[in-house]
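Residues in the sequence shown are numbered from 0 upward in steps of one, following numbering that gives the first Met the number 0.
All residues carry an ideal CB built from backbone N, CA and C; glycine is no exception.
Quick notes on the structure that follows.
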Amino acid sequence: MGNAMQQLLSGFSQSTGQTEPSCDLSSSAIRLVKAPVRADLSLQLEAMAHVLHTTPECLAGAILNAAIVDLEDHLDEALLGKVQQECQVILDASRPENNPSVVFNSGGT
0 MGNAMQQLLS
10 GFSQSTGQTE
20 PSCDLSSSAI
30 RLVKAPVRAD
40 LSLQLEAMAH
50 VLHTTPECLA
60 GAILNAAIVD
70 LEDHLDEALL
80 GKVQQECQVI
90 LDASRPENNP
100 SVVFNSGGT
């Protein structure tokens, strides 16, 4: 288990009070993704979320975030470089000026 996953688990262990689920589902810094999860693990996720007083969506997001951080920590330099390059390609492609359907109007009518 990587450091991010250990920190996540530690945070759950220290959380003792019953509180309302709190996770950000609407911030511009958050992206919602759909991911297939085996049925038995989906059941485990739902049960863990209930025990930890959160929602399955929030728990899945926290687990996925930690897993991605840990996975990136274990990539060799060559693969990490390719991932970083691809991130830049994706970011560049998503810029409005690179999207032909977006029209800029600098104050004209």
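Of all the options the options, which has the alpha carbon lying nearest to the alpha carbon of residue i?
i	options	result
arginine 30	Asp69, Cys57, Asn98 and Glu71	Cys57
alanine 61	Leu24, Ser100, Leu79 and Pro95	Leu24
proline 33	Asp39, Pro55 and Gln5	Reading off the sequence, residue 33 comes out as lysine, not proline. Of Asp39, Pro55 and Gln5, the residue nearest in Cα terms is Pro55.
Helix, strand or coil: which one does DSSP assign to residue i?
i	result
asparagine 2	helix
serine 93	helix
valine 68	helix
aspartate 39	helix
leucine 63	helix
proline 55	helix
histidine 49	helix
alanine 34	coil
Please look up how many angstroms separate the CB atoms of residue i and residue j, rounded, as I've assumed it's under 8 Å.
i	j	result
alanine 3	valine 68	4 Å
glutamate 85	leucine 79	Their Cβ separation, rounded to whole angstroms, is 11 Å, which puts glutamate 85 and leucine 79 out of contact at 8 Å.
Inter-stretch contact (C-beta, 8 Å, three-pair minimum) for the stretch 44-54 and the stretch 85-96 = no
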